Amino acid sequence: MSYSGQKTKQEGKDYEASRSYAQSSSSHFMNQQSMELDASQLKLGKEFHEAHCLWNAEVAVILDTVIKRETLSDRNKDLVKTTLDYVNKFKYFPTKEMAKKAREYVEDNTKPDRKGGKPGIDIEQFEVAEMANTGIFQAEEARELLPTVKEKFEGREDELEDFLSGLTEYVG
1 MSYSGQKTKQ
11 EGKDYEASRS
21 YAQSSSSHFM
31 NQQSMELDAS
41 QLKLGKEFHE
51 AHCLWNAEVA
61 VILDTVIKRE
71 TLSDRNKDLV
81 KTTLDYVNKF
91 KYFPTKEMAK
101 KAREYVEDNT
111 KPDRKGGKPG
121 IDIEQFEVAE
131 MANTGIFQAE
141 EARELLPTVK
151 EKFEGREDEL
161 EDFLSGLTEY
171 VG
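Shown next as structure tokens:
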């Protein structure tokens with residue numbers, strides 16, 4: 001900047017050029033990232049690959065525990081209660097025990113089987129969470145509403161139906 005506190009013409013041009021470059025770089029990065037990420041194809045990014053996807057019933061258990069601790073400010077407590085009310089409306093496993101058993105069922109019957117038993121159904125945690133949180137427990141409905149499930153289970157509808165049938169044993 002010049003001594004007068006005003007930008008010279010060259011400084012103004014340099015500023016505009018760097019600003020334009022930053023915007024185009026940011027735009028390029030965002031476009032590249034959005035092309036790589038596509039939830040309908042399970043392209044969720046590396047952060048999501050190993051993520052543990054919570055079900056509404058599990059979120060309800062966590063929030064209930066947080067409320068019972070009584071360490072929240074009134075404002076935060078109201079927010080947590082509002083969120084708890086929401087997940088309670090949309091949870092399909094009525095108790096902590098049922099949610100735990102349903103989660104164990106999924107872990108025992110999905111690939112890779114973490115307990116070293118027989119290999120299970122090839123379905124991602126994200127897909128199971130979508131079904132558990134939206135109440136999709138029929139194979140036909142899952143195939144219609146979830147594109148990745150439709151692709152995976154083309155010609156293997158019975159396998160998906162058996163898996164979902166086992167999961168519904170824990171639905172209230």
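Mapping of the sequence shown onto UniProt numbering: position 132 corresponds to residue 132, and the numbering continues sequentially without gaps. We put the beta carbon where it would ideally sit given N, CA and C, even for glycine. Keep in mind the model is a prediction, meaning the values are calculated, not measured.
Distance CB(residue i)-CB(residue j) smaller than 7 Å
i           : j      : result
residue 173 : TYR170 : For residue 173 there is no data in the structure shown, the boundaries of the chain being 1 and 172.
CYS53       : ALA142 : no
LYS46       : LEU37  : no
ALA139      : LEU167 : no
Supposed close pair residue i, residue j - CB separation, criterion 8 Å
i      : j      : result
ASN56  : VAL106 : About 15 Å; that fails the 8 Å criterion.
GLU127 : LEU145 : The Cβ separation is near 11 Å, so there is no contact.
Neighbourhood of residue i by C-beta, 8 Å cutoff - its chain only, sequence neighbours within 5 removed
i           : result
VAL66       : LEU72 and VAL80
GLY172      : TYR92, PHE93, PRO94, THR95 and MET98
LYS77       : ILE67
GLU70       : none
residue 175 : In the structure as shown, the chain begins at 1 and stops at 172. Residue 175 is therefore absent and cannot be evaluated.
Same chain, Cβ closer than 6 Å to residue i, five either side skipped, listed in chain order
i      : result
PHE153 : LEU160
ILE123 : THR110
LYS150 : ARG143
One or two residues paired with residue i in a DSSP bridge
i      : result
ASP74  : Paired residue(s): none; ASP74 is not in a bridge.
LYS96  : Note: LYS96 sits in no beta bridge, so no partner.
LYS43  : ASP38
THR110 : ILE121
Cut-off 7 Å between Cβ atoms - residues of its own chain near residue i, not counting five sequence neighbours on either side
i     : result
SER25 : Because SER25 sits at a pLDDT of 45, beneath the cut-off of 50, its placement in the model cannot be relied upon, and the following sentence gives the value as read from the coordinates. Cβ neighbours of SER25 beyond the five flanking positions: none.
ASP64 : LEU84
*Using 8 Å as the threshold, is the region 130-141 in touch with the region 83-95, meaning 3 or more CB pairs across them?*
Between the region 130-141 and the region 83-95 there are three or more inter-stretch CB-CB distances shorter than 8 Å, so the stretches are counted as touching.
*Using 8 Å as the Cβ pair cut-off and three pairs as the minimum, do the region 72-87 and the region 155-162 touch?*
no
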